[in-house]
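For reference, the structure is listed below as structure tokens.
In our numbering, the protein residues as written are 34 to 397.
The following block contains the structure:
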């Protein structure tokens, strides 16, 4: 068998996987590089979607500063030394810009009032144009956006989301496990209909339920606290997790349970010592689902929480880092990167169990 015949199957598989992976991972790549870019680089199309600045054609080094042409001719010449290959920009208000010189592969423009700037381009590696009002240092990469998050309640929002997610996971598992086991093992009239009805409740859009839930939260006097979320989120995590776990419990051979009963174990002992260890991958799958869904939920967090300190991470980011039609993309991307870490860590630590649970649940 030739070499091509041995690798043909792998080449075919990767030919489909590589474009899919590139499409799926590109948003994460974009968020990461944007979070480390200086503000001066965010809207520069020449630098996107690459990590570092565009290199100069002469020096082959990344551009390190922006040179800005003034909006009007200055009263006295202001000399700035510009190294050959520096990145030059102009005012957006200039209607018909005319280039007056080149530095490296970049163009220097005249002021808006049309007065030509005198520029000397010596034979050396530097030029001294007149009428440049300033420079913007481009530190690339930079951690400025991550430092900015420390001045906001970002880490408080992260704490609220983590506490809410963990509490929802505990409530979901404590209720969904016995409910799923009872529906999967106990035979009574209508148990199959009840199982289907429980799953159908998960399909109800949360936007329909938040109005009656707001009245429920107000009656319990837990509005504007994380308890309003802890009591609300299980209403859509428990139905799905119960329906999911029913398949895992049905996959456990009945002979194992019958042998435990013959040895004198009670139903609860059998569930705790025999059945749960067998279906542990399924329980972890349900727990991951409950944590992810509650961690990223937005509608209830926006409706029930009004104080800045008690907001969840998705609500806090969208409310505090967007001002009207102004988006602070650097901090937004930095918060998106840090906000995704808990979910990534949870999936990474339990990846084998998660894949095993999803596969078993699909087959059984």
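Beta carbons: idealized from backbone N, C-alpha and C, even for Gly.
Using a C-beta cut-off of 8 Å, the stretch 236-255 makes no contact with the stretch 186-204, since fewer than three inter-stretch Cβ pairs fall below that distance.
At the C-beta level, residue 243 and residue 348 stay beyond 9 Å of one another. Here the alpha carbon of residue 61 sits roughly 10 Å from the alpha carbon of residue 55. Within the model, the alpha-carbon separation for residue 285 versus residue 64 is close to 43 Å. Our two residues, residue 68 and residue 310, have alpha carbons roughly 42 Å apart in a direct line.
In the three-state reduction of the DSSP assignment, residue 218 falls in the helix class, which pools H, G and I.
Within the same chain, Cβ atoms closer than 7 Å to the Cβ of residue 323 are found at 201, 202, 205, 270 and 274, the five residues on either side in sequence being excluded. For the set 241, 193 and 290, the Cα lying nearest the Cα of residue 219 is the one of 290. Using a Cβ-Cβ distance cut-off of 8 Å, the stretch 261-270 and the stretch 291-305 are not in contact, since fewer than three pairs of beta carbons, one from each stretch, lie closer than that value.
Residue 338 counts as buried, since at least 16 other C-beta atoms from the protein chains shown sit within 10 angstroms of its C-beta. In the DSSP assignment, residue 342 falls outside any alpha helix (DSSP H), carrying neither H nor E. Cβ neighbours of residue 312 within its own chain (closer than 8 Å, five residues either side excluded): 278, 281, 282, 284 and 285.
Here residue 355 has 361 and 365 as same chain residues with Cβ atoms under 8 Å from its own Cβ, once five neighbours each way along the sequence are excluded. Taken through DSSP and simplified to helix, strand or coil, residue 360 comes out as strand. The three-state reading of DSSP puts residue 355 in strand, counting E and B together. Per DSSP, residue 297 lies in no alpha helix (DSSP H) and is assigned neither H nor E.
In this structure, DSSP gives residue 70 a state outside helix and strand, which the three-state scheme calls coil. Per the C-alpha coordinates, the member of 327, 229, 59 and 252 positioned closest to residue 263 is 327. Comparing C-alpha distances from residue 186 to each of 353, 59, 47 and 215 shows the shortest one belongs to 353. Here residue 346 really is in contact with residue 372; their C-beta atoms are around 5 Å apart, less than 8 Å. For the pair residue 190 and residue 380, the Cα-to-Cα distance works out to about 21 Å. For residue 320, the uninterrupted alpha helix (DSSP H) segment begins and ends at 313-328. Excluding sequence positions up to five before and after residue 334, its CB lies within less than 7 Å of the CB of 262, 344, 345, 347 and 348, all in the same chain and listed in chain order. Classified as buried, residue 212 has 16 or more neighbouring CB atoms from the shown chains inside 10 Å of its CB. DSSP, read as helix, strand or coil, puts residue 336 in helix. Under the DSSP assignment, residue 228 falls in the alpha helix (DSSP H) whose first and last residues are 224-235. DSSP places residue 331 outside any alpha helix (DSSP H), giving it a letter other than H or E.
Residue 347 sits in a helix when the DSSP states are folded into three classes. Here residue 276 is buried. Its C-beta has 16 or more other C-beta atoms within 10 Å. Between residue 382 and residue 226, the alpha-carbon positions lie close to 36 Å from each other. About 16 Å separates the Cβ atoms of residue 336 and residue 194, ruling out a contact at the 8 Å cut-off.
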